[in-house]
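> Chains as they are written, first to last, in the working numbering: chain A, -15 to 220; chain B, -15 to 220.
Note that CB positions come from ideal geometry on N, CA and C, so glycine has one too.
No experiment lies behind these values; they were computed from the predicted model shown.
2 protein chains.
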Amino acid sequence: MLKYQQIADEIEQYINQHDLKQGDKLPVLEQLMRQYAVSKSTITKALELLERKGVIFQLRGSGIFVRRHNRPGYMSLFSTQGFKRNLGDRVLTSDVLDLSIMKPDETVSQNLGISTEADVYHIERIRYVDGELFCVEESFYVKEIVPYLNREIVTDSIFDYIQSALGITIGFSDMYMQVGRLQEKEARLLQLNIGDPTLRIESIFHLSNGTPFDYSRITYHYEHSQFVIQANGPYL
Amino acid sequence: MLKYQQIADEIEQYINQHDLKQGDKLPVLEQLMRQYAVSKSTITKALELLERKGVIFQLRGSGIFVRRHNRPGYMSLFSTQGFKRNLGDRVLTSDVLDLSIMKPDETVSQNLGISTEADVYHIERIRYVDGELFCVEESFYVKEIVPYLNREIVTDSIFDYIQSALGITIGFSDMYMQVGRLQEKEARLLQLNIGDPTLRIESIFHLSNGTPFDYSRITYHYEHSQFVIQANGPYL
DNA sequence: TTGTATAATTGTACCGGTACAATTATACTT
DNA sequence: AAGTATAATTGTACCGGTACAATTATACAA
Chain A
-15 MLKYQQIADE
-5 IEQYINQHDL
5 KQGDKLPVLE
15 QLMRQYAVSK
25 STITKALELL
35 ERKGVIFQLR
45 GSGIFVRRHN
55 RPGYMSLFST
65 QGFKRNLGDR
75 VLTSDVLDLS
85 IMKPDETVSQ
95 NLGISTEADV
105 YHIERIRYVD
115 GELFCVEESF
125 YVKEIVPYLN
135 REIVTDSIFD
145 YIQSALGITI
155 GFSDMYMQVG
165 RLQEKEARLL
175 QLNIGDPTLR
185 IESIFHLSNG
195 TPFDYSRITY
205 HYEHSQFVIQ
215 ANGPYL
Chain B
-15 MLKYQQIADE
-5 IEQYINQHDL
5 KQGDKLPVLE
15 QLMRQYAVSK
25 STITKALELL
35 ERKGVIFQLR
45 GSGIFVRRHN
55 RPGYMSLFST
65 QGFKRNLGDR
75 VLTSDVLDLS
85 IMKPDETVSQ
95 NLGISTEADV
105 YHIERIRYVD
115 GELFCVEESF
125 YVKEIVPYLN
135 REIVTDSIFD
145 YIQSALGITI
155 GFSDMYMQVG
165 RLQEKEARLL
175 QLNIGDPTLR
185 IESIFHLSNG
195 TPFDYSRITY
205 HYEHSQFVIQ
215 ANGPYL
């Protein structure tokens, strides 16, 4: 494991364990250097990670401070995208409605940048947070990249599997979101009514070399989904 | 202006002017070093900025590549938060419904971390993108930090003003979003019907020293608002 | 007490370097 | 043509350093 990641993790743990609050001051850079016995740039790198993650903010001439929003019940928008971690103490479970191999239609092949003749895994799941209906998700994985999936993997966490078992590293994702009304099938699955409000997010996940490998459409239960996004500058 | 910001801007311009597409390769690091006559770490910093912004991705052993999503009509979620730039060729205009000084209620004072006795500016605007109804926004600015606002400033861009004229630097923001149904007043302003779907985003903007100075609530017209978020790893 | 100049603190910009792992190109074999 | 070892390419991790601007603390004056 990389030094700066390790250090970032430890600092974050420290913050959580000591239940530090917004504005609380952390040890100064030089102190952290000594404490972890690494160079300045390594500490800087670790702190930068934490800053991006919304865990701290740094103020030159002053110090390093804890950043913490104060609204329980809001999930990070990014933590719900394919990852079962980072939901804090909440439990994410799934019902698998479908797991099959198929040929993609025009839209899917377009978004994944593959031919309509290539194989894709098709997965449909209902997801729950603490037992409450959270969203329905339909996703497509390029079979050439993710050659094998089974019900167990798909019930748990697909992303965990493809990273740990297949050694695939995920690079970045594009998420497209819009608000709309529920259609018949979605409404039935979410136990809501046709025409009810909903949030839809389409995501395209890319390997670190830029190849798309997963296209997914998530439809959220509007009453049980609220998200927080911690954004950073620079605001130019 | 900082070197690495300057370089980042120039590289981004280059990409746009030459209309490079996803996957196109940029000059290698060493070439960029020579080209801009700066050290490796400065180029690295510039590229890191662009990577965070979703403009490029880097692949070690291979090169630096252009990243570009291909859905016109989707606005970056962050560019619509207080900034009139970065909307591409789209035009953002506003109708100011109210601009007044008042005492904050409990909710507002809580979110801004001030007493209910402190003064705040209250602003209510309807916002249009290319003339189309986009959202209604109600925002509160701490008067002690932003001592003066007028109708002209508020019609244009508040953030531009407080940064350039007041020299205030914005640090970070927390955004809370959820989907719901329109209430009477919102529906009227957005020319929609009561109960129609909507996206609501509350934002708290902080100075770079962590002090909140702006709390705002935006209610979006669900038919004219679709957003893109370009996310980066690491996905652990 | 209140302001004000001065000094100490502290993170950031930028330089230059070494080592290395991941990728890609090349040469070689089968 | 297709695989395979080898070398060249290329970005990232990490080190250590100087200079500086923003903040905060200190000492002093009004």
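Quick one: using the 10 Å Cβ neighbour count with 16 as the cut-off for buried, is E(-6)(A) buried or exposed?
Exposed, since its Cβ has fewer than 16 Cβ neighbours within 10 Å.
> Taking just the CA atoms, how far does F62(A) sit from G164(A)?
Cα to Cα, the separation comes out at about 21 angstroms.
> According to DSSP, which residues form a beta bridge with F189(A)?
S157(A) and D198(A).
> On the criterion of 16 or more Cβ atoms from any shown chain inside 10 Å, does P56(B) qualify as buried, or is it exposed?
Looking at its Cβ environment, which holds fewer than 16 other Cβ atoms inside 10 Å, P56(B) is exposed.
> For Q(-11)(A), tell me which candidate among S60(A), G7(A) and Y20(A) has the shortest Cα-Cα distance.
Measuring from the Cα of Q(-11)(A), the nearest candidate turns out to be Y20(A).
> Under the rule that 16 or more other beta-carbon atoms within 10 Å means buried, what is G151(A), buried or exposed?
Burial call: exposed.
> Which residues of chain A have a Cβ atom closer than 9 angstroms to the Cβ of N0(B), listed in chain order?
What N0(B) touches in chain A: nothing, since even the nearest Cβ is about 16 angstroms away.
> Under 8 angstroms Cβ-Cβ, which residues of chain B neighbour T91(A)?
The contacting residues do not exist; T91(A) stays about 12 angstroms from chain B at best.
> According to DSSP, simplified to helix, strand and coil, what is T182(A)?
DSSP places T182(A) in strand when its eight states are reduced to three.
> Can you name the residues that DSSP bridges to Q210(B)?
Looking at the DSSP assignment, Q210(B) forms a beta bridge with Q162(A).
> Using the C-alpha atoms, what's the distance from M59(A) back to G38(A)?
Spanning the two alpha carbons is a distance of roughly 13 angstroms.
> To the nearest whole angstrom, what separates the beta carbons of T77(B) and Y112(B), a pair I think is in contact under 8 angstroms?
The pair is a contact, with the Cβ atoms about 5 angstroms apart (cut-off 8 angstroms).
> CB-CB under 6 angstroms to G97(B), same chain, minus the five flanking residues each way: which ones, in chain order?
Excluding positions up to five away in sequence, the list reads P196.
> Go to M17(A), then tell me how far its beta strand (DSSP E) extends in each direction, as first and last residue.
Counting along the chain, M17(A) falls outside any beta strand (DSSP E), though it belongs to the alpha helix (DSSP H) covering L13 to Y20.
> Go through the stretch 68 to 104 of chain B residue by residue and report every complete run of the alpha helix (DSSP H) that reaches 4 residues or more, in order.
Complete alpha helix (DSSP H) runs here, min 4: 90 to 96.
> Starting from the Cα of I129(B), find the closest Cα among L117(B), C119(B), V22(B) and Y145(B) and give me that residue.
Nearest option by C-alpha distance: Y145(B).
> With a CB to CB cut of under 8 angstroms and the five nearest residues on each side skipped, what residues in its chain are close to R184(B)?
Cβ neighbours of R184(B) beyond the five flanking positions: M161, Q162, V163, G164, R201, I202, T203 and Y204.
> Straight-line CA distance for A149(B) to R135(B)?
The alpha-carbon atoms of A149(B) and R135(B) are separated by roughly 15 angstroms.
> Taking the alpha helix (DSSP H) that F62(B) belongs to, which residues open and close that run?
F62(B) -> no alpha helix (DSSP H), and no H or E assigned at all.
> Examine chain B for any beta-carbon lying closer than 8 angstroms to the beta-carbon of P11(A), and answer yes or no.
It does not; no Cβ of chain B falls within 8 angstroms.
> Beta-carbon separation of E90(B) and T100(B) under 8 angstroms?
The answer is yes: Cβ separation under 8 angstroms.
> Once you ignore the five residues that flank L10(A) on each side, which residues in its own chain have a CB closer than 6 angstroms to its CB?
Within the same chain, L10(A) has close Cβ partners I48.
> Are the stretch 22 to 40 of chain B and the stretch 180 to 194 of chain A touching, with three or more C-beta to C-beta distances below 8 angstroms?
The stretch 22 to 40 of chain B is not in contact with the stretch 180 to 194 of chain A.
> According to the Cβ coordinates, are D158(B) and H2(A) closer than 8 angstroms?
Contact: no.
> Could you work out which residues of chain B lie near A215(A), taking near to mean beta carbons separated by less than 7 angstroms?
The answer, in chain order, is F62, F156, S157 and M159.
> If the criterion is Cβ atoms closer than 8 angstroms, does the pair L31(B) and Q42(B) meet it?
Yes, the pair counts as a contact, with Cβ atoms nearer than the cut-off.
> Give the single residue among P218(A), L13(A) and R18(A) whose Cα lies nearest to the Cα of Q147(B).
Looking at the Cα atoms, P218(A) is the closest of the given residues.
> Span of the beta strand (DSSP E) holding Y125(B)?
Run containing Y125(B): E116 to V126, per the beta strand (DSSP E) assignment.
> Ordered along the chain, which non-local residues of its own chain (more than five positions away) have a Cβ less than 7 angstroms from that of I137(B)?
Counting only Cβ-Cβ distances below 7 angstroms, and skipping sequence neighbours, we find Y145.
> Please work out which residues of its chain come closer than 7 angstroms, Cβ to Cβ, to R74(A), disregarding the five sequence neighbours upstream and downstream, and give them in chain order.
Within the same chain, R74(A) has close Cβ partners V113 and D114.
> At a CB-CB cut-off below 8 angstroms, which residues of chain A make contact with V163(B)?
What V163(B) touches in chain A: V163, P181, T182, L183, Y204, Y206 and S209.
> Under 9 angstroms Cβ-Cβ, which residues of chain A neighbour F41(B)?
Correct list: G155, F156, H190, S192, N193 and G194.
> Would I85(B) pass as a contact of I27(B) if the rule is Cβ separation under 8 angstroms?
It is not a contact, given that the beta carbons lie outside the stated cut-off.
> Decide if V12(B) is buried, meaning its Cβ has at least 16 other Cβ atoms within 10 Å, or exposed.
By the neighbour-count rule (16 or more Cβ atoms within 10 Å), V12(B) is not buried but exposed.
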